[in-house]
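Presented below is the structure to which this report refers.
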Amino acid sequence: MDKRIMRYSQMFLFVLEFITINLIFRYTFFSSSRGIFDPFGNDLSLLYFFNVSWLASVILVRTYHIKNLERMDRLFSGLIKTLGAQTFLVMAYVIFSKNFYLPKISLFTNLTLIILSLALIRILFRIWIQHFKPATFTNKNVVVLGSGPVALELKEFFNTQRLLGYKFKGFFQWNNDPGKYVSDLKSFCKFNDIHEIYYAHSNLSQELIKEIVSFADNNLIRFKFAMNFQGFLSRNAELEFFNSTPVFTYRKEPLESAWNRFLKRAFDIGFSLGVILFLFPFVIPVVFVIMKITMPGPIFFAQERSGRDNKTFKCLKFRSMTVNKASDTQQAQKNDARITKWGAFMRKTSIDELPQFFNVLVGDMSVVGPRPHMLKHTEDYGRMINKFMVRHLVKPGITGYAQVSGYRGGTETPELMEARVKHDVYYLENWSIWFDIKLIVLTVVNVFKGEENAY
Numbered sequence: 001m002d003k004r005i006m007r008y009s010q011m012f013l014f015v016l017e018f019i020t021i022n023l024i025f026r027y028t029f030f031s032s033s034r035g036i037f038d039p040f041g042n043d044l045s046l047l048y049f050f051n052v053s054w055l056a057s058v059i060l061v062r063t064y065h066i067k068n069l070e071r072m073d074r075l076f077s078g079l080i081k082t083l084g085a086q087t088f089l090v091m092a093y094v095i096f097s098k099n100f101y102l103p104k105i106s107l108f109t110n111l112t113l114i115i116l117s118l119a120l121i122r123i124l125f126r127i128w129i130q131h132f133k134p135a136t137f138t139n140k141n142v143v144v145l146g147s148g149p150v151a152l153e154l155k156e157f158f159n160t161q162r163l164l165g166y167k168f169k170g171f172f173q174w175n176n177d178p179g180k181y182v183s184d185l186k187s188f189c190k191f192n193d194i195h196e197i198y199y200a201h202s203n204l205s206q207e208l209i210k211e212i213v214s215f216a217d218n219n220l221i222r223f224k225f226a227m228n229f230q231g232f233l234s235r236n237a238e239l240e241f242f243n244s245t246p247v248f249t250y251r252k253e254p255l256e257s258a259w260n261r262f263l264k265r266a267f268d269i270g271f272s273l274g275v276i277l278f279l280f281p282f283v284i285p286v287v288f289v290i291m292k293i294t295m296p297g298p299i300f301f302a303q304e305r306s307g308r309d310n311k312t313f314k315c316l317k318f319r320s321m322t323v324n325k326a327s328d329t330q331q332a333q334k335n336d337a338r339i340t341k342w343g344a345f346m347r348k349t350s351i352d353e354l355p356q357f358f359n360v361l362v363g364d365m366s367v368v369g370p371r372p373h374m375l376k377h378t379e380d381y382g383r384m385i386n387k388f389m390v391r392h393l394v395k396p397g398i399t400g401y402a403q404v405s406g407y408r409g410g411t412e413t414p415e416l417m418e419a420r421v422k423h424d425v426y427y428l429e430n431w432s433i434w435f436d437i438k439l440i441v442l443t444v445v446n447v448f449k450g451e452e453n454a455y
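Under the working numbering, the first residue of the sequence shown carries the number 1, and numbering increases by one thereafter.
Written as structure tokens, this is what we have:
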């Protein structure tokens, strides 16, 4: 689909869903126990907040971004995230608003009707996208210069992305005759009404490229480079210009953004403070008493670990082992004789990790991130495992993507560590605040389910 048409589709979907949720909101009030909608009282303030919270959630989740409309799974994951954020905001408003009353059944009815209605709208939207007639809209005829792997991948993309309206007209291969090559290309472009030329060659001279670009400019054809960085650049690579010099950033992490770092830090402070203030007053006295009864020594165990930018910090834990000299070099193993019975229980339930919320509060760690390793392990694995040190571009976490994916505990083989590193790198390349929340929820679920590798 043409990008212009896609923008219209975005606006149409947004307006349709916005009208739908407002109609449902009004219906919810008319069907409530009061049966009357007061347009000038508290009802109006809730209506304003209802719409503002929806718009804020849409912007935060990027619900109507083109990439989130291309696939069915993204259509619905974006909807769920948006509704989750809006529901949280509206419920918080209702709870903390002293002058407002709304029956719980109204909130439930409102949410249920919105979910069902918007789900139906998005299913119909997707059906329309998949079955529309391309001839109805303006398509872009494209030609690819070259025939290598990049050219083949472009062909696959153009033939499968109907949503973007591309019409692949063929490859144009090098014939070892510069003059004839340009002449044939010009004829081909005019005969096939080409709108875009994609350069996927590696052997054309700079002068020849300039001649083709000049022809494209003078014939209303867009010329685009498709460079062969396969196996090297990741999908979230970024092109920047330093004056007139183009610079590719190999790995663009979301947490390079100051706003994203602020968002993650604010979440870390709020979450860790909540745990410390509401959970610790009950947990620490219990742990203190049991530890004093079952084993001598200090309650807390502090160990130097590798943090962000490979800087060391003191990682806190409830002590789960007897005091020993190998604690800084030897990782806990299954049936490790150093682990006490109470220590085994704390490890199984992750209670031993709770003091790390102090590390989060002071900024050494994050709630979610790659798990920090002992300095000896960082030194060893940094030499053995490719991309191991990439993990240290972000703060280590109490839980992480690798841990909820089954790679918690010891890594007896290099293959297990490689898998853990792969998950950690994926996390830092694809971070979002929703990803963090999802991993926290999965961590809590795993704690209650019990994890085989927790020892």
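Backbone N, C-alpha and C define an ideal beta-carbon position, used for all residues, glycine too.
Coarse secondary structure for residue i, derived from DSSP in three states
i    : result
Q173 : coil
V247 : strand
E17  : helix
L273 : helix
I197 : strand
D400 : Checking the displayed sequence, the identity of residue 400 turns out to be Gly instead of Asp. Three-state DSSP puts G400 in coil, outside helix and strand.
T63  : coil
A135 : Unreliable placement is indicated for A135, whose pLDDT of 45 sits below 50; the coordinate value is still reported in the next sentence. Three-state DSSP puts A135 in a helix.
M91  : helix
F37  : Per-residue confidence for F37 stands at a pLDDT of 47, beneath the threshold of 50, marking its modelled position as unreliable; no derived number is given.
N260 : helix
E253 : coil
R222 : strand
M321 : strand
Y8   : helix
V447 : helix
V286 : helix
K140 : strand
L279 : coil
Y166 : strand
I440 : helix
K81  : helix
L116 : helix
L354 : coil
L204 : coil
Test item: CB-CB of residue i and residue j under 9 angstroms
i    : j    : result
L60  : L13  : no
F278 : D436 : no
N243 : G148 : no
V182 : I221 : no
I440 : F271 : yes
L154 : A226 : yes
K292 : Q303 : no
K167 : I197 : no
V275 : M346 : no
I339 : V283 : no
G78  : T63  : yes
L255 : V247 : no
P396 : M365 : yes
K461 : I433 : Residue 461 falls outside the range modelled here, since the chain spans only 1 to 455, and no answer is possible.
W128 : T82  : no
Given residue i as reference, the closest of the options once Cα atoms are compared
i    : options                   : result
A200 : L145, N159 and E211       : L145
E253 : V394, P414 and H65        : V394
Y426 : V447, F448, T413 and Q403 : Q403
T443 : S405, E240 and R305       : S405
R122 : M384, V441, V15 and L428  : V15
L208 : N218, G179, N219 and F188 : G179
L185 : V142, S257 and I385       : V142
R26  : T63, Y8 and F50           : F50
N110 : I24, D193 and T82         : I24
E418 : I385, G165 and M91        : I385
P372 : W259, K317 and T20        : K317
A307 : I398, L273 and M295       : At residue 307 the sequence reads Gly, which differs from the Ala that was named. With distances taken between Cα atoms, G307 lies closest to I398.
F76  : M91, Y48 and F125         : F125
W342 : M295, N139 and E156       : M295
Range of the contiguous alpha helix (DSSP H) that encloses residue i
i    : result
K536 : A query on residue 536 cannot be resolved here, the shown segment of the chain reaching from 1 to 455 and no further.
T378 : L375 to M384
R420 : P414 to E429
K314 : Run containing K314: none in the alpha helix (DSSP H); it sits in the beta strand (DSSP E), T312 to F318.
N159 : P149 to T160
S366 : It is not in any alpha helix (DSSP H) - S366 instead sits in the beta strand (DSSP E) that spans S366 to V368.
F188 : P178 to F191
F388 : Careful: F388 lies outside any alpha helix (DSSP H) and carries neither H nor E.
Span of the beta strand (DSSP E) around residue i
i    : result
F301 : F300 to S306
L239 : E238 to F242
Discussion item. Does the structure place the segment 166-179 close enough to the segment 109-123 that three or more beta carbon pairs sit under 8 angstroms?
Written reply: no
Fill in: Contact the segment 380-394 vs the segment 352-362: 3+ CB pairs below 8 angstroms
no
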